[in-house]
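Peer 1: For the sequence shown, my numbering begins at 1135 and goes up steadily by one. The beta carbon of each residue, even a glycine, is placed where N, CA and C say it ideally should be.
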Amino acid sequence: MTAAAAIRSLLLNPMFLSTVTSLCVAQVLKLVFYLFTNKNKKKWDAIETVIWRTGGMPSSHSAVVCALATSAGIKHGVSSDIFVFCLVFAMVVLRDSVGVRRAAGLQAKALNHLGKQTAKLIGLEFHSVKEIQGHTPLEILVGSLLGIFIAICFYCIFNRLF
């Protein structure tokens, strides 16, 4: 198979397309939510929201892994090894997004608050640690439903076209 044929095959794969589309749609929706919820809108913050920042509504991590698992279930069946792998992978990512990363972010926020207070009290300079933004359960749910919906739409469209 030539490189061009391999790329064409990938770009016509509904599993790949639904996953990438879920990521893009979630990031665009994240920008829309950012623009409606922040009073002090800065162009760079908006660009960072779409390209780099984690956290926020909806969860793009959730959208991606749920689109992948849904696509695998539709294409290969829910008893297939690939679906089981994608489902377990999705469960790990979802758990990490809402649990571990959120807890780490809250701990970093508390550490920064404590560090600033202590630095002010004893007159030292304090450098804040990065506050990782995890997701709320609602952000995870909306991202998950978005990914599932997009995957189902892609398979409905591909079944009619091909």
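(1) My output table needs one value for Glu1265: the three-state DSSP class, helix, strand or coil.
(2) Less than 9 angstroms separating the beta-carbons of Gly1281 and Ala1197?
(3) Tell me where the alpha helix (DSSP H) around Asn1293 begins and ends.
(4) Which same chain residues end up closer than 6 angstroms to Ser1156 when comparing Cβ atoms and leaving out the 5 residues on each side of it in sequence?
(5) I'd like to know if the region 1259–1275 and the region 1236–1247 are in contact, where contact means that at least 3 CB-CB pairs between them fall below 8 angstroms.
(6) So, helix, strand or coil for Pro1192, using DSSP?
(7) Please state whether DSSP places Met1135 in a helix, a strand or coil.
(8) Taking the C-alpha atoms as reference points, what is the distance between Ala1140 and Ala1160?
(9) Asp1215 lies in the alpha helix (DSSP H); which residues open and close that run?
(10) Considering only their Cβ atoms, is the gap separating Leu1221 from Ser1278 smaller than 9 angstroms?
Peer 2: Concretely, from the data shown:
(1) Three-state DSSP puts Glu1265 in coil, outside helix and strand.
(2) In contact: Gly1281 and Ala1197 (Cβ atoms closer than 9 angstroms).
(3) Pro1271 to Leu1295
(4) Answer for Ser1156: Ala1197, Val1198, Ala1201, Gly1281 and Ile1284, listed in chain order.
(5) Look at the beta carbons and you see the region 1259–1275 touching the region 1236–1247: at least three pairs across the two are nearer than 8 angstroms.
(6) coil
(7) coil
(8) 27 angstroms
(9) Asp1215 to Arg1229
(10) no
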